[in-house]
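Residue numbers (the numbering used here), protein chains in the order written: chain P, 70 to 252; chain E, 80 to 227; chain W, 706 to 1569.
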Amino acid sequence: MTFFVKYDFNTLCKTFLETHLNALGISYTLHSINEISIEEELSHEKQAALIDALKKCGVGIETDKKSTLVDRIKNVVDGMLRDSSQTSGTLSTYLSETLHYSYAHLSAVFSESTYTSIENYAILRRVDLVKEYLCNTDLTLTEIAFKLDYSSVAHLSGQFKKTTGLTPSAFKRIMNKKQTQNT
Amino acid sequence: MSTSLLNIALADDDDDDRMLFSEAIEEIAIQTKLMLFNHGQELMDYLTQPKIELPNLIFLDLNMPIKNGMQCLKEIRNNPVLKDLCVAIYSTSSSEVDIEETFLNGANIYVNKPNNYSKLREAIEKVLQLNWQYHTSNLNKDTFLFRI
Amino acid sequence: MDFKRVYTSTKTYIILLIGALALLLFTASTAYKQIMRMQESADMVAQTLKVYNAIGSLAEHYSQADSDEFREALLEDAYLSHALKNYKAEGRLVLDSLKILTQDNHLQQARLQPMEALLNKMNNQLLVLDTLNIEDEAEFFKAKEAQKLEINKTISNIRLLKNQVLQNEKYLMQERQADYESHKFLAPLTSLILAFLALFICVLTFTRIYKNKLRIRQSEAFLKNILATTDNIINYFEPIFNANEQVEDFKIVYANDCNRDYLGIDPEAIIGKRVSEVFPFFYVDGKFDELLQVYNEQTKIDFERKVFIDEKNMWFSCFATPLTEGVLLTARNTTLEKEADAAQEIFKKRLESQNLELLDSRAFLGNIFKSISHIVMHFKSIRDAENNIVDFEILFVNERINPVTGDLPEDIKNKKVSEVYPSIFETGIFKHLKEAIETNKPMFYEVPYNGNDYAQWFSATAIKLGDGVTVTLRDITEEKKKSDELKQVNETLVIQNSILSDAESLAKIGSFIWDMGSDSSELSDNFYAMLGCEANEFKSSLVRYKDFIHPDDVELYEKRGAEIVSELKASEHTYRVITKQGEVKHFKTNGQFVIKNDKKVMIGVVQDVTESIEAEERLVKSNLRLKQSNAELESFNRVASHDLQEPLRKIQLFISRIEDREGDHFSEKGRFYFEKVVSGVKRMESLIKNLLAYSRIDSSKSNFEKIDLNEILEKVEDDLATRIHDANAEIVVDKLPQVKAVVFQMEQLFTNLISNALKYRSLTDEPKLEIRYKKVKASKLPGHVLKVKKRYHKISFIDNGIGFDAEHAEKIFEVFQRLHQKTEYSGNGIGLAICKKIVENHNGFIRAKGESGVGATFIIYLPF
Chain P
70 MTFFVKYDFN TLCKTFLETH LNALGISYTL HSINEISIEE ELSHEKQAAL
120 IDALKKCGVG IETDKKSTLV DRIKNVVDGM LRDSSQTSGT LSTYLSETLH
170 YSYAHLSAVF SESTYTSIEN YAILRRVDLV KEYLCNTDLT LTEIAFKLDY
220 SSVAHLSGQF KKTTGLTPSA FKRIMNKKQT QNT
Chain E
80 MSTSLLNIAL ADDDDDDRML FSEAIEEIAI QTKLMLFNHG QELMDYLTQP
130 KIELPNLIFL DLNMPIKNGM QCLKEIRNNP VLKDLCVAIY STSSSEVDIE
180 ETFLNGANIY VNKPNNYSKL REAIEKVLQL NWQYHTSNLN KDTFLFRI
Chain W
706 MDFKRVYTST KTYIILLIGA LALLLFTAST AYKQIMRMQE SADMVAQTLK
756 VYNAIGSLAE HYSQADSDEF REALLEDAYL SHALKNYKAE GRLVLDSLKI
806 LTQDNHLQQA RLQPMEALLN KMNNQLLVLD TLNIEDEAEF FKAKEAQKLE
856 INKTISNIRL LKNQVLQNEK YLMQERQADY ESHKFLAPLT SLILAFLALF
906 ICVLTFTRIY KNKLRIRQSE AFLKNILATT DNIINYFEPI FNANEQVEDF
956 KIVYANDCNR DYLGIDPEAI IGKRVSEVFP FFYVDGKFDE LLQVYNEQTK
1006 IDFERKVFID EKNMWFSCFA TPLTEGVLLT ARNTTLEKEA DAAQEIFKKR
1056 LESQNLELLD SRAFLGNIFK SISHIVMHFK SIRDAENNIV DFEILFVNER
1106 INPVTGDLPE DIKNKKVSEV YPSIFETGIF KHLKEAIETN KPMFYEVPYN
1156 GNDYAQWFSA TAIKLGDGVT VTLRDITEEK KKSDELKQVN ETLVIQNSIL
1206 SDAESLAKIG SFIWDMGSDS SELSDNFYAM LGCEANEFKS SLVRYKDFIH
1256 PDDVELYEKR GAEIVSELKA SEHTYRVITK QGEVKHFKTN GQFVIKNDKK
1306 VMIGVVQDVT ESIEAEERLV KSNLRLKQSN AELESFNRVA SHDLQEPLRK
1356 IQLFISRIED REGDHFSEKG RFYFEKVVSG VKRMESLIKN LLAYSRIDSS
1406 KSNFEKIDLN EILEKVEDDL ATRIHDANAE IVVDKLPQVK AVVFQMEQLF
1456 TNLISNALKY RSLTDEPKLE IRYKKVKASK LPGHVLKVKK RYHKISFIDN
1506 GIGFDAEHAE KIFEVFQRLH QKTEYSGNGI GLAICKKIVE NHNGFIRAKG
1556 ESGVGATFII YLPF
């Protein structure tokens, strides 16, 4: 018997972190799946135990400040894309409000370490979500466009084509063929 | 990772193409180390050696003597060690049939060899960026499919 | 509803009786109740009287206070008057008794309330009067008088109240008296009426029951009379149950005297006995079960029963009906009827057989004459004075004469032959007949008859019978005709045979008949010729024929031969032979089995297929060559365009490289030449790309799938978005259909047609392209085209561009046909050729319409 497993990455990570933090009896606030505020002064043993427990599952504590910031930017972008209803305003203002840095600074840090702009990343990420919906759901392009806050299907198709070089339907056709080929 | 070099391999039987590719990649901001192979067999021989540093990204010409790009692609995808490598097809052919076939065989990116140097540079840059994003962000590698 | 049944049935009477009883009970209880109520009324009257009295005594009591003597007595008594005390107690006593009496009357009680108060008041006043003690007489008297006045006032009040109470009681009294009166009258009356009613019903019921009983007695007597006088055996059986509550036998409950008369059984003796004991013969052949059925299902049956008693067979016709708790069996003695029937039957049968014999022998002859196809006639001689036969009289003729001459046998009977058939004298028939009689020898002759529209021939036999002759005529017209036909057929056969042999030689076909049993065969002349031999040059057989077969094919031929013999089924097969002259030929043979002269033979044809086989081989070879060259062409195409593209791309790459690096250092001329190089290379690129596209359109490798043309158009518009935008073009599109097509090719088609419209746009007007869709019937399609479907999609691309001359409408679809100077419009003459190839690859057609300077319309028809 073969099972095909589908993940909701966000929930998975959240549950994972909550389980471990609760197990160690640490009081915390989960800002995102990549950012945790610990509300108490952690003893060395406890800190070591937490790092150890997470490491066992391939999860590391980010120490580099720059890459942490980049990851935080990515997380904010991801969060914004996944749930557009909670955020308002442009990406840039939202980012600087959330991370308390000027957008210029964030933009510079991001480009420096990823060779691409935040905007490009956001587009890539958004298209990746479109891909996910196209492959894993039966949603129509109109529904996907609505879900991901595109102004129109044409906008979605245009961005998809521009980013991936393929039309959404061509992409879906190839992925379907790939799936039938593999099974 | 930003400090380390990005390892890139190119298999192309055309001297000029290899030369222009090297020139173009030099001009790109991302720090890279390029390995050149004259045909598919040479590439596969290298990749299947034990204890080598595997490239982060492979550019494959389709039309090559001895072993063509499609054969290489299939071998890479069927090799447990190599199967997760990011493969970009780098070909003159713009036939939809060719493109679809490479995607079905596991190519991640399909690059039409541009007929203009600056376009070539842009294309390589875009491939590198995409590859970078797919390695550092939570993007779904199963749907890593681009045509440039 | 059966009313008679209702009012005569016992149930009704029982119900009536119960009703009567109930009525009586009801009467008694009502009477009791009435009496009780009467008593109550009487009590009430008595009570009222008591109240009356009490009020009376109350009144009396008061009036005492009124009297002066009483008052004087009060005054005189110096001490607390003893009389006053008594008086007071007395008043209270009276009032209390009154209160008790009026307990059940609230109104009265309420009235008594102030009475009590008044009484108290009066008592007090009396007390005052009693204690009045004033020295001055006059003063005393005055006060006494005043007090008296007070007392009087109170008393009058009391009196007023008393009168009210009295009034009320009086009224109550009247009411109660009236009530009592009515009860006194009603109670006995109701009882009386009800009692009478009950009595009446009882009497009615009784009389009815009595009448019924009388009737039953009458009918019983009647029944008995019938049973006694009937000549039918009438028995009544009741079932006997075994332990399992199943009927195991019947018990005789009643049997009439006829049992004795017919069966010699004493009816008295058998009553109460089992049927199986008394009438054992009755239960044979399943009659018990039938009887059981009669009992269980309340059905009726009748049956016949034969009984052997006193060495005599007796017949009974029995009839069983269900009756209350058993089965009534009536048996009628039908022995005499049966015997009479049997005698009659025997007599009838004998009569019939005799009759039949008679009829048979008569019909036999008639049948013979009717059934035979010959005409049979009997003539009686008519002789003259010299005893010479001069004529015949027709005594008999059968019906066969009718279809020939149209005469009815009845019409011509007893007529003279000379009258009916006067021709017999001329034709010599008369002579034959006469001779037959005179020589007493049968005569045979043939006669023609021309009665109908055609000549009929008869073969006649005349035989002497008595003084007459019997003539039998047989119709031999058909036989005569057949032998004539045979002659003709033979002639035609000869002609056909010669035609056949000519045809055989012309079609290179030989035929054969092969007798498997003797292995001998007949070959047609051309068969011999096909083998290079003279006709009948050798005696043919399978063994001999094998010598001609090509040694390589002998084995196969023998195998087929064996198969044919074993399965008796021939099939087509081809083999090689070597003719007498050593020439190799291909023969194809086929045949079938027929019965000829009671023998199974195979007839078949052999065809010389040498030429067609050689042609086929040539075809296969050329086909192979074609395939090879096609493959070569394809690979050439692919390689050529790919390999051509490669250096071109290289040129472009290095051009861009040169431009990047040296662009600033060009001289003016150098820049100009460089631009020429660039544009030349560009044109070459597009040329190669289009050639490649054109060569790729190949139906055999196409992947046809159901696609939505709207999506295709969307994609193409997307791809061409910049150009559309730059040209500021307006594109109007109908809703397009879904078609079975190749995605890439449809994209290419749309791309080419739209970019064509953009490319050849008018220099003055804003470009506008309409894409219209319509379903059309194949019959509406223009021109002589091969229509594979009944309906087509018609998609028109209508632009307002520069258009073209109508005379070029066909030409523009040809490869490298360009209608414009290349500098003016950047075409390469392949775009529309590609369109045409794509549409035709989809079994469709493309047409162009145009007018120079007005616009062009490209119409594609795709099959449904």
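Ideal Cβ placement from N, Cα and C applies to all residues, glycine included.
Proximal chain P residues relative to residue i, where beta-carbon distance stays under 8 Å
i      : result
E:R226 : T233, G234, L235
E:T215 : T183
Residue i: contacting residues in chain P (beta-carbon distance under 9 Å)
i       : result
W:E1416 : T236, S238
E:A103  : Within chain P, no residue comes near E:A103; the closest Cβ sits about 15 Å away, beyond 9 Å.
E:A108  : Y184
Interface partners of residue i on chain E, CB under 9 Å
i      : result
P:C204 : N219, D221, T222
Within chain W, the residues that residue i reaches when beta carbons sit closer than 8 Å
i      : result
E:K192 : R1354
Contacts that residue i makes with chain E (C-beta to C-beta distance below 7 Å)
i       : result
P:D121  : The contacting residues do not exist; P:D121 stays about 24 Å from chain E at best.
W:Q1350 : T171
Chain W residues whose Cβ lies nearer than 9 Å to that of residue i
i      : result
E:S197 : S1361, D1365
Chain P residues whose Cβ lies nearer than 7 Å to that of residue i
i      : result
E:E179 : I243
E:L126 : Residues of chain P passing the Cβ test: none, with the nearest at roughly 23 Å.
Nearest-angstrom beta carbon gap, residue j and residue i [assumed within contact, 8 Å]
i       : j       : result
W:L1125 : W:I1134 : Just to set this straight, residue 1125 of chain W is Val in the shown sequence, not Leu. That belief does not hold up - the Cβ atoms of W:V1125 and W:I1134 are roughly 12 Å apart, past 8 Å.
W:N1395 : W:I1539 : 7 Å
W:K1482 : W:K1495 : 7 Å
W:N1546 : W:Q1450 : 7 Å
W:I1551 : W:V1544 : 4 Å
W:F936  : W:C963  : In the sequence as presented, Phe is not what sits at residue 936 of chain W; that position holds Asp. Between W:C963 and W:D936 the Cβ distance is about 6 Å, and since that is below 8 Å, they are a contact.
W:I1181 : W:A1141 : 20 Å between Cβ atoms; not a contact.
Chain-ordered chain W contacts of residue i [CB-CB under 7 Å]
i      : result
P:S220 : Here the premise fails: no neighbours, minimum Cβ distance about 16 Å.
(request) With 9 Å as the limit, tell me which residues of the segment 228-252 of chain P have their beta carbon closer than that to any beta carbon of chain E; keep them in chain order. (result) T232, T233, G234, L235, A239, F240, R242, I243, M244, K246, K247, Q250
(message) Using 8 Å as the cut-off, can you tell me whether the segment 192-202 of chain E makes contact with the segment 1351-1361 of chain W, which would need three or more C-beta pairs spanning the two stretches below that distance?
(response) yes
(message) Could you check whether the segment 749-760 of chain W touches the segment 873-885 of chain W, counting it as contact only if at least three pairs of C-beta atoms, one from each stretch, sit closer than 8 Å?
(response) yes
(request) For the segment 1162-1181 of chain W and the segment 1059-1073 of chain W, state whether three or more C-beta atom pairs, one from each stretch, are separated by less than 8 Å. (result) no
(message) Under 8 Å: do the segment 1005-1020 of chain W and the segment 1029-1040 of chain W share three or more Cβ pairs, one atom per stretch?
(response) yes
(request) Please specify which runs of the alpha helix (DSSP H), each continuous and at least 4 residues long, are wholly inside the segment 1252-1306 of chain W, giving them in chain order. (result) 1256-1272
(message) Going residue by residue through the segment 91-133 of chain E, where are the continuous alpha helix (DSSP H) segments of at least 4 residues, counting only ones entirely within it?
(response) 94-105, 119-126
(request) Within the segment 83-154 of chain P, note down every full beta strand (DSSP E) run reaching 3 residues or more, in order along the chain. (result) 97-101, 104-107
(message) I want to know whether the segment 1449-1466 of chain W touches the segment 1414-1429 of chain W - three or more CB-CB distances under 8 Å.
(response) yes
(request) Quick one: which unbroken beta strand (DSSP E) runs of 3-plus residues sit fully inside the segment 944-989 of chain W? Chain order, please. (result) 952-960
(request) Determine, using beta-carbon pairs with one atom in the segment 971-984 of chain W and one in the segment 951-961 of chain W, whether at least three such pairs fall under 8 Å. (result) yes
(request) Quick one: which residues of the segment 90-101 of chain E get their C-beta closer than 9 Å to a C-beta of chain W? List them in chain order. (result) D93, D95, D96, L99
(message) For the segment 1266-1284 of chain W against the segment 1292-1306 of chain W, do three or more pairs of beta-carbon atoms, one drawn from each stretch, fall closer than 8 Å, so that the two count as touching?
(response) yes
(request) Using a Cβ-Cβ cut-off of less than 8 Å, give me the residues of the segment 137-157 of chain E that come near chain W, in sequence order. (result) N142
(request) Take every Cβ of the segment 918-930 of chain W, pair it with every Cβ of the segment 1024-1035 of chain W, and state whether three or more of those distances are shorter than 8 Å. (result) no
(message) Is it the case that the segment 100-117 of chain E contacts the segment 232-239 of chain P, given that we only count it when at least three CB pairs across the two stretches are under 8 Å?
(response) no
(message) Using a Cβ-Cβ cutoff of 9 Å, what residues of the segment 159-190 of chain P are near chain E? List them in chain order.
(response) E181, S182, T183, Y184, T185, N189, Y190
(request) Evaluate contact between the segment 137-148 of chain E and the segment 164-175 of chain E, counting only Cβ atoms and requiring at least three cross-stretch pairs below 8 Å. (result) yes
(message) Across the segment 217-229 of chain P and the segment 191-205 of chain P, are there enough close Cβ pairs to call them in contact, namely three or more that are closer than 8 Å?
(response) yes
(message) Counting only Cβ-Cβ distances shorter than 7 Å, please list the residues of the segment 79-99 of chain P near chain E, keeping chain order.
(response) none
(request) Could I get the ranges of all uninterrupted beta strand (DSSP E) runs contained in the segment 1478-1523 of chain W, with 3 residues as the minimum, in chain order? (result) 1496-1504
(message) Closer than 9 Å between beta carbons: that is the criterion. Which residues of the segment 1416-1434 of chain W meet it against chain P?
(response) E1416, E1419, K1420, D1423, D1424, A1426
(message) In chain order, what are the residue ranges of uninterrupted alpha helix (DSSP H) at least 4 long that sit wholly in the segment 1169-1241 of chain W?
(response) 1182-1212, 1230-1235
(message) Quick check on the DSSP output: what are the complete alpha helix (DSSP H) runs of length 4 or more inside the segment 1013-1092 of chain W, in order along the chain?
(response) 1040-1076
(message) Counting beta carbon pairs with one atom in the segment 1202-1220 of chain W and one in the segment 1108-1117 of chain W, are three or more of them shorter than 8 Å?
(response) no
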